[in-house]
Amino acid sequence: ILELVQEVTNEEAYDAEEAGLVFDISNTSQASPCSGLRLTFKGYDNKLPVLVKQVMELIAKMDITQYQSTFDLVKEKTITDYRNRKFGQAYYHAMTAASSILEHPFYGREERLAELESVTIQEVQDFKARFLSELLVEAVVVGNLTKDEVVVMLNDAVAAIDPKPLSPESLPKLCISTFEEGKTLLHEELQPDPEAVDSAICVYFLCGPRNTKQDVMVELLCQIMDKEMYSQLRTVEQLGYIVAATQWHKFNVGGIRCFVQSVHHPQYLEGRIESFFQQFIKKLEEMTAEELAENIDSLATKKLEPDRSIERRCDRSMHEVCAHQYQFARPQVEVDALRAITNVELLNFFKDQVATGSSTRRRICCHVVGKQAVDAMNGQCDVTPESKGQILTFDQGKEPFPVPPEGDQASAPTLPEPSVTSLTELRTGFKRYDVQP
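For the sequence shown, our numbering begins at 228 and goes up steadily by one.
Structural data, given as structure tokens:
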């Protein structure tokens, strides 16, 4: 529907742009804490209500079955896009594998492609009718409009579709998996592109439901750790060009994500990441109050930077609405919490959530093995096409790939015995954080 509406409304979009008005339609589930379609309108306040109403009427009245050639074009374009995703960077595939374990619902590239190839134009038309029949409409308006003008504009826009309120049982259930403290989940797969040289590892640390204190702790830790991790693993050890430690929040659950892309085998990379954590904990122990204050000030400056455009302000506000957090003063609230963090708190947070040997960290490791790593194993590679979709679970105290002595890849310790289950079974049996309203 997204691609079809964009194609069908090309002429209207061009005319609107010539008049200083812009509209866009996107799939919010890819980057936002909600599921559905997002329509964005921008332009002069006196003509914006007209544009909004016309676009909504066009979507409501559009009979997709009248656009067979457009449908065929869009379908082929979308199929090609999904097929080409297997040629993406190795770290992208590793992060996608982590998402497949964590997110509910989640539909992988293969699942989407299989459904897409068999879909018919009538099925899309029928889905559009069902989709528009019941809606939860959430909106943010920023600019030179009064409250009364906004109410009239939105009422007119929704009236063009005339949906029923979305019933409680139909509301999307957006959840994140949770599992026992101390456990490590390991997923391994070969590079989808057999000719791709690079391998990658994505390590995700699950911190739990978001709150202000945890959010700023994660962000501050990642700011410090990302710089140190790049310096050690990229500059000193020359493991690869892509090295990062970032915060990753989804569906109101927070976490930390580290990833490395390299020609080395992910099992070796995991050992080097664990070795880095052992060095990094010493840095945190030796960090002075003045050094911590410098990092806090740097992060606070970024947070308090004014929105540079009305679009940025609207996006930030819409994110709060979609997440049902409504913390529109979040930058200042987070800065106040940030300035209260002490050296001991930051160190203890790292020890609990990330550090090697922690009895409370919850870790998901996703390995993507590229051609060079496979060739280097001389036919002894234990990752096969059948490995994808199999999850190895390691209990507390059992590290899948302990740090090898002095970083010697050849002397990596033997993999401890894990329990093995399929991704489907694991997802079905997982407990979930159901914190997304």
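Note that beta-carbon positions come from the ideal geometry of N, C-alpha and C, so glycine has one too.
Practice task
Compute the beta-carbon to beta-carbon distance between F507 and M452, rounded to the nearest angstrom, for a pair I have assumed lies under 8 Å.
Solution key: Translated into positions along the sequence shown, residue 507 becomes position 280. Translated into positions along the sequence shown, residue 452 becomes position 225. That belief holds up - the Cβ atoms of F507 and M452 are roughly 6 Å apart, short of 8 Å.
Problem - Buried/exposed call for I483, threshold 16 Cβ in 10 Å - result: The residue labelled residue 483 in the question sits at position 256 within the sequence shown. Buried is the call here.
Practice task
Quick one: residues in its chain with C-beta nearer than 7 Å to the C-beta of N570, no 5 flanking neighbours on either side, listed in chain order?
Solution key: Reading the sequence shown from its first residue, position 343 is the one you call residue 570. Shown here for N570: same chain residues with a beta carbon closer than 7 Å to its own, the five before and five after excluded, namely M514, A516 and L519 in chain order.
Problem - Nearest to T411 (by Cα), restricted to the options E497, Q607 and L264 - result: Residue numbering aside, residue 411 sits at position 184 when the sequence shown is read from its first letter. Comparing Cα positions, the closest option is E497.
Practice task
Rounded to whole angstroms, what's the CA-CA distance from T236 to C541? Just pull it up for me.
Solution key: By 1-based counting over the sequence shown, the position of residue 236 is 9. By 1-based counting over the sequence shown, the position of residue 541 is 314. Rounded to the nearest angstrom, the two C-alpha atoms are 23 Å apart.
Exercise for the section: Would you mind sorting S185 into buried or exposed? The rule is 16 or more other CB atoms within 10 Å of its CB. Expected result: Outside the shown range of the chain (228 to 664) lies residue 185, about which nothing can therefore be said.
Handout entry: Check whether V595 and A317 have beta carbons under 7 Å apart
Key = Along the sequence shown, read from residue 1 onward, the residue named residue 595 stands at position 368. Along the sequence shown, read from residue 1 onward, the residue named residue 317 stands at position 90. Closer than 7 Å, so yes.
Handout entry: Cα-Cα separation between V379 and R499, rounded to whole angstroms
Key = Along the sequence shown, one-based indexing puts residue 379 at 152. Along the sequence shown, one-based indexing puts residue 499 at 272. Going from the Cα of V379 to the Cα of R499 covers about 59 Å.
Handout entry: Rounded separation between N605 and Q599 - CA only
Key = Indexing the sequence shown from 1 puts residue 605 at position 378. Indexing the sequence shown from 1 puts residue 599 at position 372. Going from the Cα of N605 to the Cα of Q599 covers about 10 Å.
Practice task
Identify every residue that forms a DSSP beta bridge with T620.
Solution key: For this step, residue 620 is matched to residue 393 along the sequence shown. Answer by DSSP bridge pairing, in chain order: L412 and S646.
Handout entry: Cα-Cα separation, A637 to E501
Key = Counting from 1 along the sequence shown, the entry for residue 637 is found at position 410. Counting from 1 along the sequence shown, the entry for residue 501 is found at position 274. With a pLDDT of 47 at A637, under the threshold of 50, the predicted position of this residue should be treated as unreliable, though the coordinate-derived value follows. If you draw a straight line from the Cα of A637 to the Cα of E501, it is about 17 Å long.
Exercise for the section: Could you pull out every residue in the same chain whose Cβ sits closer than 8 Å to the Cβ of S649, ignoring the five residues on either side in sequence? Expected result: Looking up residue 649 in the sequence shown gives position 422. Answer for S649: G616, Q617 and I618, listed in chain order.
Exercise for the section: Identify which residue in Y241, Q450, I523 and L401 has its Cα closest to the Cα of E330. Expected result: As a working mapping, residue 330 is identified with position 103 in the sequence shown. For E330, the nearest C-alpha among the options comes from L401.
Practice task
Answer with buried or exposed for L229, where buried requires no fewer than 16 other C-beta atoms within 10 angstroms of its C-beta.
Solution key: For the purposes of this step, residue 229 is taken as residue 2 along the sequence shown, with counting starting at 1. Flag for L229 reads exposed.
Exercise for the section: Could you work out which residue in A603, S586, D602 and P612 is closest to D622 when comparing CA atoms only? Expected result: In the sequence shown, the residue the question calls residue 622 occupies position 395. Of the listed residues, the one whose Cα sits closest to D622 is S586.
Exercise for the section: Check each candidate in A556, P276 and G409 and name the one with the smallest Cα separation from Y584. Expected result: One-based indexing of the sequence shown puts residue 584 at position 357. One point to set straight first is that residue 584 is Gly, not Tyr, in the sequence displayed. Distances from the CA of G584 to each of A556, P276 and G409 were compared; the closest alpha carbon is that of G409.
Problem - DSSP-derived helix/strand/coil call for K391 - result: As a first step, residue 391 is located in the sequence shown; it is residue number 164 there, counting from the start. Residue state, collapsed to three classes: strand.
Problem - CB contact flag (I291, V385, <7 Å) - result: Your numbering for residue 291 matches position 64 in the sequence shown. Your numbering for residue 385 matches position 158 in the sequence shown. No, they are not a contact pair.
Exercise for the section: Buried or exposed for G634, please, with buried defined as at least 16 other CB atoms from any protein chain shown within 10 angstroms of its CB. Expected result: Within the sequence shown, residue 634 is the residue found at index 407, counting from 1. Low confidence applies here, because G634 scores a pLDDT of 49, under 50, leaving its location unreliable and the question unanswered by this model.
Problem - Contacts around S326, its chain only, beta-carbon distance under 7 Å, and the 5 residues preceding and following it disregarded - result: On the sequence shown, position 99 is the one that residue 326 refers to. Excluding sequence neighbours, S326 sits near F333.
Handout entry: Neighbourhood of F657 by C-beta distance below 6 Å, restricted to the same chain and skipping five residues each side
Key = Working through the sequence shown from its first residue, we reach residue 657 at position 430. Closer than 6 Å at the Cβ level, and outside the excluded window around F657, lie S404.
Handout entry: Paired residues, beta bridge with G482 - DSSP
Key = Working through the sequence shown from its first residue, we reach residue 482 at position 255. Beta-bridge partners of G482 (DSSP): L433.
Exercise for the section: Mind reading off the beta-carbon distance from L372 to D272? Whole number of angstroms is fine, and I expect it under 8 Å. Expected result: For the purposes of this step, residue 372 is taken as the residue at position 145 of the sequence shown. For the purposes of this step, residue 272 is taken as the residue at position 45 of the sequence shown. The pair is a contact, with the Cβ atoms about 5 Å apart (cut-off 8 Å).
Handout entry: Exposure of N479, with buried meaning 16 or more beta-carbon neighbours within 10 Å
Key = Within the sequence shown, the letter at position 252 stands for residue 479. N479 is buried by the Cβ-count criterion.
Practice task
Output the distance between the C-alpha atoms of F628 and K355, rounded to the nearest integer angstrom.
Solution key: Here residue 628 is taken as the residue at index 401 of the sequence shown, counted from 1. Here residue 355 is taken as the residue at index 128 of the sequence shown, counted from 1. Their Cα atoms are separated by approximately 49 Å.
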